[in-house]
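So the structure is just underneath, and the comments pick up after that.
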Amino acid sequence: MRNVREVKFNVITDNRGKMIPVEYPKQLEFPLKRIYYIYDVGEGIRRGFHSHNDLEQVLIAVNGTVKILVKTPYEEEIVELNDPSKGLYIGPMVWREMFDFSENSVLLVLASHEYDESDYIRDYNIYEHKAKTYFRRRK
Ligand code: TYD
Numbered sequence: 604m605r606n607v608r609e610v611k612f613n614v615i616t617d618n619r620g621k622m623i624p625v626e627y628p629k630q631l632e633f634p635l636k637r638i639y640y641i642y643d644v645g646e647g648i649r650r651g652f653h654s655h656n657d658l659e660q661v662l663i664a665v666n667g668t669v670k671i672l673v674k675t676p677y678e679e680e681i682v683e684l685n686d687p688s689k690g691l692y693i694g695p696m697v698w699r700e701m702f703d704f705s706e707n708s709v710l711l712v713l714a715s716h717e718y719d720e721s722d723y724i725r726d727y728n729i730y731e732h733k734a735k736t737y738f739r740r741r742k
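In terms of the working numbering, the sequence shown has 699 at position 96, counting the first letter as 1, and numbering is strictly consecutive.
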């Protein structure tokens, strides 16, 4: 769907284990400004419930499984992340919710900008209105 795609990372495997490098611009399409990780999420918890005006992110379940709902006024998808070599790119103006975090799951997020509360859209009605204009303009 628009502004959302799966990203595949190369795994470097040898007899000592596995390693995945993520470097801009080789494996990442934006220069990295911030990372954060979400873990210790209890059963039944759903997080996110927002979009961003400009921020680009790549989400990777480096351990365990996490489901991600990505949604625009025109499209909607649920992606299960369960493989450290797969990421989910989420660009601007996509509503996201994260849920079904498995026990011991760790969701790593790579972000294109520093934390900026003014880039968030947390009200779904405001999001929908803005996103309709955003995606119509880019058809
Ligand atoms: P929030 O964006 O609500 O988390 P989620 O998207 O998982 O629902 O962030 C939770 C709190 O953490 C909120 O008070 C803002 C703060 N925060 C930072 O200080 N820096 C960050 O990079 C992020 C993502 C959040």
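Positions of the beta carbon are idealized from the N, C-alpha and C atoms, including for glycine. Predicted model, so just to flag it, every value in this text is computed and none were measured.
For ASP657, tell me which candidate among ARG740, TYR727 and ASP719 has the shortest Cα-Cα distance. ASP719
Within the present structure, is the beta-carbon of HIS655 separated from the nearest heavy atom of the ligand TYD by less than 7 Å? no
To the nearest angstrom, report how far apart THR736 and ILE615 are at their CA atoms. 43 Å
Through-space distance from GLY647 to LYS674, alpha-carbon basis: 20 Å
List the endpoints of the continuous alpha helix (DSSP H) containing ASN728. 727–740
Taking the alpha-carbon positions, what's the VAL644 to VAL661 distance? 19 Å
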